[in-house]
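Report on the following structure.
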Amino acid sequence: MVKEAKLYDIFELEVSVEPYNFKLTAQAYNFSWWYNGRSLIIPLDNVLVKIKEHDKENTLVAEIYSHNNVEYNLDVIVEETAWTLGLHENLAEFYDKANRDPLLGKAAEKLRGYHVRTTSLWNALLIGVCQQNASFRQGWRMLYEIYRRLGQHVMIPGYGETLIPPQPKTIVEKGIEPLIEARTGYRAQTIYRIARFLEETPSLPREPWKLKQFLLEVKGIGEYTVRLSLVLSKRYYEEPPIDRWLKEIIIQVYGVDKSNVEEYYRRIWGKWAGLAALLTTIALDAETLRKALARIREGRTVPEEKDKPTPLTLWKYF
DNA sequence: TGCCAGGCGGGGT
DNA sequence: ACCCCGCATGGC
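The first sequence stops at residue 419 when you use my numbering, and every number in between is there.
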């Protein structure tokens with residue numbers, strides 16, 4: 102039985118940073134539950150926020166929905182929505198730098214204005230774990246199966262079916278079996294441990310570097326997963342998530358020795374390293390390493406039209 | 001059909 | 001600070 106959400110409130114948001122591209126921000130690494138080509142759904146703690154572009158330039162219109170009677174503070178919802186979309190984040194310096202980069206130069210033009218659309222730390226960790234030792238497509242399928250089985254399906258008028266993603270509490274209650282059924286393999290144990298850890302830890306450190314040390318205590322969370330999760334949930338870009346895939350790309354593109362990859366990458370990107378890493382996956386359609394390297398050699402370093410899911414078209418398939 | 005994929009931990013040296 | 005292996009699963 103799928104519940105229907107009701108409209109509670111409407112507000113507008115001004116896009117005051119330049120560059121900013123709503124479409125790219127909304128569609129990248131998203132599922133059809135939360136993006137349909139026009140509207141973006143952001144599931145917040147108690148409500149669902151539906152956002153689309155206004156006829157007026159640099160303006161977004163947002164509607165607040167809920168499937169049960171909730172109390173909420175409008176100011177808090179507005180602030181959380183603006184944070185999720187990165188409406189106060191100025192990436193002009195990043196895109197200017199990226200324009201001059203041999204790998205990201207072309208993509209920086211096409212994707213200019215893309216911002217990280219943040220998600221909760223818990224969701225970000227889930228994304229990271231599903232990417233472990235799997236292809237992009239396998240990882241996102243796992244995530245899709247987890248959400249589909251354990252999330253709460255809700256109808257939004259004028260949108261269709263959306264989903265409130267499962268919280269750690271749900272995972273703890275239902276145990277690892279649904280995670281195994283979602284074909285997560287040995288990652289199921291890690292996901293379960295993360296859920297229990299977050300349930301049992303009442304307050305986490307605010308500073309990213311300290312938070313990182315906490316999270317690394319959980320068996321199954323390593324450097325890559327924790328860094329990616331901090332990029333996706335906190336916009337903490339200082340420490341780039343470099344996996345086997347990006348490492349080999351860096352070695353070949355910049356001609357650095359394998360022992361200096363991270364040091365080099367952090368030197369050229371500075372405080373934008375994590376964002377550059379993420380943009381690289383979008384630029385190359387998250388192709389597996391062999392194909393990604395071939396595309397770089399051919400100079401095809403911008404997203405292409407595909408008949409299969411890519412970071413920008415995931416929402417058309419799942 | 002055995003590899004291998006956007007990792008990780010545990011074990012070695 | 002390295003190197004190596006096993007690990008669920010799915011796709012060549």
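Every residue, glycine too, gets a C-beta built ideally from N, C-alpha and C.
No experiment lies behind these values; they were computed from the predicted model shown.
Asked: On the three-pair Cβ rule with 8 Å, is the segment 162-171 touching the segment 192-209?; Found: no
Asked: Just grab the DSSP bridge partners of Gly261 for me.; Found: Ile257
Asked: Give the straight-line distance between the Cα atoms of Lys124 and Gly259, rounded to the nearest whole angstrom.; Found: 19 Å
Asked: For Gln233, tell me which candidate among Lys407, Ala374, Ile343 and Glu115 has the shortest Cα-Cα distance.; Found: Ile343
Asked: To the nearest angstrom, how far is it from the Cα of Val319 to the Cα of Arg294?; Found: 7 Å
Asked: Going by C-alpha distance, which of Glu340, Arg218, Tyr287 and Leu145 is nearest Ala235?; Found: Tyr287
Asked: Determine the contact status of His155 and Glu113, defining contact as a CB-CB distance below 8 Å.; Found: yes
Asked: I need the boundaries of the alpha helix (DSSP H) containing Ser334, first residue and last residue.; Found: Glu324 to Lys335
Asked: Please identify the residue among Asp197, Gln290 and Lys335 whose C-alpha is closest to the C-alpha of Leu312.; Found: Lys335
Asked: Could you name the residues of the same chain whose beta carbon sits closer than 6 Å to that of Ser240, not counting the 5 residues immediately before and after it, in chain order?; Found: Strictly speaking, residue 240 in this sequence is Gly, with Ser absent from that position. Contacts found: Cys231 and Gln232.
Asked: Helix, strand or coil for Glu105? Go by DSSP, reduced to three states.; Found: strand
Asked: Return yes when the Cβ of Lys153 is within less than 8 Å of the Cβ of Ser140, no when it is not.; Found: yes
Asked: Tell me Thr160's beta-bridge partners as DSSP assigns them.; Found: Glu115
Asked: In the DSSP assignment, what are the bridge partners of Leu141?; Found: Tyr136 and Ile152
Asked: What's the gap between the Cα of Met102 and the Cα of Asp408?; Found: 33 Å
Asked: Could you tell me which of Ile350, Arg368 and Ala127 sits nearest to Glu339, measuring between CA atoms?; Found: Arg368
Asked: If the criterion is Cβ atoms closer than 8 Å, does the pair Ala129 and Leu413 meet it?; Found: yes
Asked: Taking contact to mean at least 3 C-beta pairs separated by less than 8 Å, is the segment 259-271 in contact with the segment 135-149?; Found: yes
Asked: With DSSP as the reference, label Tyr166 as helix, strand or coil.; Found: strand
Asked: For Asn224, count neighbouring C-beta atoms within 10 Å of its own C-beta (all shown protein chains included) and say buried if the count is 16 or more, exposed if not.; Found: buried
Asked: Is the segment 382-400 in contact with the segment 347-355, if contact means three or more CB pairs nearer than 8 Å?; Found: yes
Asked: Give me whichever residues DSSP pairs with Asp110 in a beta bridge.; Found: Ile165
Asked: Look at the Cβ atom of Pro279, then the Cβ atom of Glu300, and state whether they are nearer than 8 Å.; Found: no
Asked: Using only CA atoms, which one of Val332, Val362, Val403 and Ala296 lies nearest to Thr219?; Found: Val332
Asked: Between Ala199 and Leu385, which are expected to be in contact by the criterion C-beta below 8 Å, what is the C-beta distance as a whole number of angstroms?; Found: Not really, about 14 Å apart at Cβ, beyond 8 Å.
Asked: Unbroken beta strand (DSSP E) runs of length 3 or more, entirely within the segment 213-292: which are they?; Found: 253-257 and 261-265
Asked: In angstroms, rounded to a whole number, what distance separates the CA positions of Leu188 and Thr160?; Found: 11 Å
Asked: Taking the straight line between their C-alpha atoms, what separation do you get for Leu329 and Lys348?; Found: 15 Å
Asked: Within a Cβ cutoff of 6 Å, which residues of the same chain sit near Arg297, ignoring the five residues on either side of it in sequence?; Found: Val273
Asked: Less than 8 Å between the beta carbons of Leu186 and Thr271, yes or no?; Found: no
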